[in-house]
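**Student:** The letter at position 27 of the sequence shown is residue 66 when you use our numbering, and the numbering goes up by one with no holes.
The beta-carbon is built from N, C-alpha and C at its ideal position, and this holds for glycine as well.
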Amino acid sequence: MPTVQQLALEIVSREGGWVHDPADLGGATNHGVTLATLRGLRLDLDRDGQVTEADLRRLSPAQAAQVFLDHYFRAPRIDQLPAVLQPSVFDMQVNAGSQAVRVLQKLLTEMGHPCIADGVLGPRTVAAARAAAQAAPGHIADAYGIARRNYYYALADARPASRRFARRRDGGKGGWITRAEEFISPAYRLTDAQHRARTAAWH
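1. When burial is assigned at 16 or more other CB atoms within 10 Å of the CB, is Glu-54 buried or exposed?
2. Can you list, in chain order, the residues of its chain with a C-beta nearer than 8 Å to that of Gln-119? Leave out the 5 residues immediately preceding and following it.
3. Are the Cβ atoms of Ala-200 and Tyr-192 separated by less than 8 Å?
4. Determine the DSSP secondary structure at Thr-230, reduced to helix, strand or coil.
5. Whole-angstrom Cβ separation of Trp-241 and Arg-188, contact assumed at under 8 Å?
6. Report the residue ranges of all beta strand (DSSP E) runs contained in full by the region 66-120; include only those spanning at least 3 residues, in chain order.
7. Jot down the residue ranges of each uninterrupted alpha helix (DSSP H) in the region 122-157, minimum 4 residues, whole runs only, in chain order.
8. Between Ala-195, Leu-146, Arg-96, which lies nearest to His-59 when the distance is taken from Cα to Cα?
9. Taking Asp-130 as the reference, which of Leu-84, Val-51, Gly-177 has the closest Cα?
10. Please report the distance separating the alpha-carbon of Gly-184 from that of Gln-44.
11. Looking at Val-106 and Val-72, is the spacing between their C-beta atoms short of 8 Å?
12. In the DSSP assignment, find the alpha helix (DSSP H) that holds Thr-238 and state where it starts and stops.
13. Alpha carbon to alpha carbon, what distance is there between Gln-89 and Leu-80?
14. Helix or strand or just coil, what does DSSP make of Val-165?
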């Protein structure tokens, strides 16, 4: 299993470099870090007294990885989850913020371990996750990955502007779906035909 540091660097690699897509609600990002995050951390990298896009552009992959470790892994307590869940929840936390934990909480409730879906990893959610992982150690990671994939599809259902993140122009799987499926066993990944059927109603 990769170390947490390796996971952070893999996330940086998946996120890519500088992106400023008007359809992305997160706004400008560099290596997956948003300007809002940089401002929240007061990372004035050019030391001009302000945190602006210029600072975001200066952010290195190593600095981005450290931001992810400190503020998307340790701060939200993902490090307290069972090890089998940490990679996918960590990756989604970077991609979708507290929705990553809400998806987990809803899944745990469905599995018979009730949680309030508040997006916060408190003691009850951590205990529920540990109990679920102990009960279904070979399935919990796939179950979360599938729930994550379903979240992205539902988001694209509700927000047409986001559909291009879930479906490519040629109709194949978009980045959101392929990213979720990196954490799902091959047996549970959708075929191209299944994906196209799932998105057939989109225009």
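**Tutor:** With the given structure in hand:
1. Glu-54 should be labelled buried.
2. For Gln-119, where only same-chain residues beyond five positions count, the Cβ hits under 8 Å are Leu-160, Val-165.
3. No, the Cβ-Cβ distance between Ala-200 and Tyr-192 is not below 8 Å.
4. The three-state reading of DSSP puts Thr-230 in coil, since its state is none of H, G, I, E or B.
5. With a Cβ gap of about 16 Å, Trp-241 and Arg-188 do not count as contacting.
6. Entirely contained in the region 66-120, not one beta strand (DSSP E) run reaches 3 residues.
7. The qualifying runs are 125-135, 138-149.
8. When Ala-195, Leu-146, Arg-96 are compared, the shortest CA-CA separation from His-59 is found for Arg-96.
9. Comparing Cα-Cα distances from Asp-130 to each of Leu-84, Val-51, Gly-177, the minimum goes to Val-51.
10. So the alpha carbons of these two residues sit roughly 21 Å apart.
11. Contact flag set, yes.
12. No alpha helix (DSSP H) contains Thr-238, which DSSP labels as neither H nor E.
13. Each residue's alpha carbon lies about 12 Å from the other.
14. In the structure shown, Val-165 sits in a helix (DSSP, three-state: H, G or I).
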